[in-house]
Amino acid sequence: MSLETRTFTITRADLVGYAQASGDHNPIHQDETVALSVGLPGVIAHGMYTMALAARAVGDWFPGAQVVSLACKFTNPVVVPAEGGVELEIAGEVKGTEGDLTTVALTVTSGGQKVLGMPKAVVRA
Amino acid sequence: MPVDQSLVGRVFPPTPRLEVSEDRVREFVAATGGEYAGGPAPATFPIVLAFDAMNAFLEAEAIELHRIVHGAQDFVYERPVLPGDVLSATLTVASLRQIGGNDIIGTTSEIADATGAVVCRTSATLVHRGADA
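Heads up: the sequence lines are chains A and B, in that order. Following this note's numbering, the numbering of the first sequence begins with 216 at its first residue and continues without gaps. Following this note's numbering, the numbering of the second sequence begins with 37 at its first residue and continues without gaps.
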């Protein structure tokens with residue numbers, strides 16, 4: 216069963232807000248010069264910010280359900296431009312249910328490229 | 037300089053306790069574009085504690101945060117985090133390998149409440165980009 220795809224826009228201001236709320240002040244998420252100096256293509260979103268948006272989509276699909284597990288790999292960086300933002304698309308597919316547990320496989324893309332590897336959530340619905 | 041192999045298996049001291057207030061949860065929800073209407077914290081909220089534990093580990097080993105890129109994260113929950121929880125994370129270095137000038141550091145953090153009961157176990161893969169990478 217496919218779940219309704221969610222789209223989010225990520226801006227530099229979002230990364231500043233997320234750094235504050237999460238405590239992750241790694242400058243690669245704020246400062247172009249630092250990001251380039253360690254070989255990144257530019258300022259990138261916190262992987263955990265992308266994962267938080269994926270969790271938000273899961274929450275939208277299964278309102279009130281308890282998340283039992285959540286996992287992903289950060290396979291491609293989400294580069295966030297200085298002006299405007301970058302779009303993130305989150306698709307989901309119910310892979311199966313066992314008792315009260317539902318397993319959801321997500322597909323998270325930006326600019327047509329997958330940015331998370333094997334994102335998966337198990338919820339108790 | 038590669039990260040010291042003898043770190044594997046090292047358990048770091050628990051982080052200072054974090055009192056999870058409704059305001060703290062609301063701030064986290066707002067920062068991820070949502071609106072908090074009470075109840076459990078978002079699923080990725082425990083990263084606040086895991087990140088604190090990771091920072092202490094990086095500082096202890098003199099690893100520069102800006103050379104760290106997140107490789108993977110995995111959460112397994114015993115129960116949701118709720119406002120009123122007083123939480124602390126204990127980080128263990130689970131694995132360490134070197135690939136192409138980068139260190140791939142595996143950590144696990146156990147997040148426990150004030151009674152010592154585990155709320156969430158989370159593992160992270162951190163990629164430490166070497167100076168020449």
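Beta carbons are placed, not taken as given, at the ideal position from N, Cα and C, and that holds for glycine.
Practice item. Just the C-alpha distance for residue 88 (chain B) and residue 151 (chain B), rounded to the nearest angstrom, thanks. Key: Here residue 88 (chain B) corresponds to residue number 52 of the second sequence, with the count starting at 1. Here residue 151 (chain B) corresponds to residue number 115 of the second sequence, with the count starting at 1. Counting only the Cα atoms, residue 151 (chain B) lies some 20 Å from residue 88 (chain B).
**Study point:** Residue span of the beta strand (DSSP E) that contains residue 333 (chain A), given as start and end
**Key:** Translated into the one-based positions of the first sequence, residue 333 (chain A) becomes position 118. Residues 331-339.
Check your understanding: Does DSSP put residue 283 (chain A) in a helix, a strand or coil?
Key -> Here residue 283 (chain A) is taken as the residue at index 68 of the first sequence, counted from 1. For residue 283 (chain A), the three-state secondary structure derived from DSSP is strand.
Review point. The alpha helix (DSSP H) with residue 88 (chain B) in it runs from where to where?
Key: Translated into positions along the second sequence, residue 88 (chain B) becomes position 52. Where residue 88 (chain B) is concerned, the enclosing alpha helix (DSSP H) stretches over 83-96.
Practice item. Would you list, in chain order, the members of the segment 239-250 of chain A that have their beta-carbon closer than 8 Å to a beta-carbon of chain B? Key: Cβ contacts with chain B: 239, 240, 241, 242, 243, 249.
Review point. Which class does residue 233 (chain A) belong to by DSSP, given the choice of helix, strand or coil?
Key: For this step, residue 233 (chain A) is matched to residue 18 along the first sequence. Correct three-state label for residue 233 (chain A): helix.
Review point. Going along chain B in order, which residues have a C-beta closer than 7 Å to the C-beta of residue 321 (chain A)?
Key: By one-based count along the first sequence, residue 321 (chain A) stands at place 106. Per Cβ cutoff of 7 Å: no residues; residue 321 (chain A) is ~13 Å from chain B at best.
**Study point:** Nonlocal neighbours in the same chain, by C-beta distance under 8 Å from residue 138 (chain B), ignoring five residues either side
**Key:** If you number the second sequence from 1, residue 138 (chain B) lands on position 102. Counting only Cβ-Cβ distances below 8 Å, and skipping sequence neighbours, we find 163, 164, 165, 166, 169.
Check your understanding: Alpha carbon to alpha carbon, what distance is there between residue 334 (chain A) and residue 284 (chain A)?
Key -> The residue given as residue 284 (chain A) occupies position 69 in the first sequence. The residue given as residue 334 (chain A) occupies position 119 in the first sequence. If you take the alpha carbons of residue 284 (chain A) and residue 334 (chain A), they lie about 11 Å apart.
Practice item. With 9 Å as the limit, tell me which residues of the segment 254-288 of chain A have their beta carbon closer than that to any beta carbon of chain B; keep them in chain order. Key: Against chain B - using a Cβ distance shorter than 9 Å - the residues of the segment 254-288 of chain A are 254, 255, 259, 261, 262, 263, 264, 266, 267, 268, 269, 270, 271, 273, 274, 279, 281, 282, 283, 284, 285, 286, 287, 288.
Review point. Which residues of chain A have a Cβ atom closer than 7 Å to the Cβ of residue 103 (chain B), listed in chain order?
Key: Here the question's residue 103 (chain B) lines up with position 67 in the second sequence. 253, listed in chain order.
Check your understanding: Are residue 308 (chain A) and residue 319 (chain A) closer than 8 Å when you measure CB to CB?
Key -> One-based indexing of the first sequence puts residue 308 (chain A) at position 93. One-based indexing of the first sequence puts residue 319 (chain A) at position 104. Yes; because the gap between Cβ atoms is below 8 Å, this pair is in contact.
Review point. With distances taken from CA atoms, which of A:311, A:270, A:301, A:323 is nearest residue 227 (chain A)?
Key: For the purposes of this step, residue 227 (chain A) is taken as the residue at position 12 of the first sequence. Looking only at A:311, A:270, A:301, A:323, the smallest Cα-Cα distance to residue 227 (chain A) is reached by A:301.
Check your understanding: At a Cβ cut of 7 Å, what residues of the segment 80-91 of chain B count as close to chain A, listed as they run along the chain?
Key -> Those would be 80, 83, 84, 87, 88, in chain order.
Practice item. Identify each residue in the segment 46-65 of chain B for which the Cβ-Cβ distance to at least one residue of chain A is less than 8 Å, and report them in chain order. Key: Near chain A, meaning a CB-to-CB distance below 8 Å, the residues of the segment 46-65 of chain B are 63, 64.
Point to revise | Bridge partners - residue 140 (chain B), DSSP secondary structure assignment | key: Here residue 140 (chain B) refers to the residue found at position 104 when the second sequence is read from its first residue. Beta-bridge partners of residue 140 (chain B) (DSSP): B:133, B:163.
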